[in-house]
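Here's the structure, in structure tokens; my notes come after.
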Amino acid sequence: MRLPMQGGRLLRRERGRRGKKRICSFCVDKMEAIDYKDVPRLKKYITERGKILPRRISGNCARHQRMLTSSIKRARNIALLPFSAE
Numbered sequence: 000m001r002l003p004m005q006g007g008r009l010l011r012r013e014r015g016r017r018g019k020k021r022i023c024s025f026c027v028d029k030m031e032a033i034d035y036k037d038v039p040r041l042k043k044y045i046t047e048r049g050k051i052l053p054r055r056i057s058g059n060c061a062r063h064q065r066m067l068t069s070s071i072k073r074a075r076n077i078a079l080l081p082f083s084a085e
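Mapping to numbering that gives the first Met the number 0: the sequence shown position 79 is 78, numbers consecutive.
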């Protein structure tokens, strides 16, 4: 079965549904600051390769994503988190 195309692009209907809207877990917990020493929480936002998850995947708001990024980088510098995968 061929998918209907319009100008070389699939129509929105055929692309599939959008995923569920993610909400910022830091806003839900009403956190004002993200602690760089909270390693278990920071590890949730790092891939198995050691990269920081982007906002569109993690669901964080812009403010908390910036704070999270700086906390992860700070934790890496003092060797609480690895820079890359082993």
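Backbone N, C-alpha and C define an ideal beta-carbon position, used for all residues, glycine too.
Check, Outcome
"By the three-class DSSP mapping on this structure, what secondary structure does Ile77 have?", "coil"
"Please tell me whether Ile56 and Thr68 are closer than 8 Å, where the distance is taken between their beta carbons.", "no"
"Does the distance from the C-beta atom of Leu41 to that of Ala78 stay below 8 Å?", "no"
"I'd like to confirm the pairing. Which residues does DSSP put opposite Ile45 in its beta bridges?", "Ile51"
"Nearest CA to the CA of Asp34: which residue from Ser83, Arg65, Thr46?", "Arg65"
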